[in-house]
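Participant: Supplied in structure tokens, the structure appears directly below.
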Amino acid sequence: MAWEHLCYPKGMRGIRFRDLHLFNIAHLGRQVWRLLNFKICFKVLSAKYFLEGDVFRSKYYDKLSFTWASIAKAIEALKDGFLW
């Protein structure tokens, strides 16, 4: 049985496992939201990564920390979901 079928609800013949990739992206998106609302941390990171203080236009480098690379993926997912 394919993994995506195991994520279906029990009524659709699944086991109702969480899709861990989507779950991870959702939690990273929550971290981005917290980052935007935590002013001191935002100021520190904006000096290095954010162009003009805009988290959605952040700089990407080849050698990022694991943490920042994960947050950058969440930013991309959030960017796709916003309609501005």
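Each residue of the sequence shown is one higher than the one before, starting from 1 at the first, in the working numbering.
The beta-carbon is built from N, C-alpha and C at its ideal position, and this holds for glycine as well.
1) Between the C-alpha atoms of Val32 and Thr67, what's the straight-line distance to the nearest angstrom?
2) Specify the secondary structure class of Phe38 as computed by DSSP and reduced to three states.
3) With a threshold of 7 Å (Cβ to nearest heavy atom), would Thr67 be considered close to the ligand ZN?
4) Using the three-state DSSP reduction, which class does Leu83 fall into: helix, strand or coil?
5) When burial is assigned at 16 or more other CB atoms within 10 Å of the CB, is Ile15 buried or exposed?
Facilitator: Taking the definition as stated:
1) 11 Å
2) coil
3) The model depicted lacks the ligand ZN and carries no ligand whatsoever.
4) Because the pLDDT at Leu83 is just 49, under 50, the model does not fix this residue reliably, and the value given afterwards should be weighed accordingly. DSSP places Leu83 in coil when its eight states are reduced to three.
5) exposed
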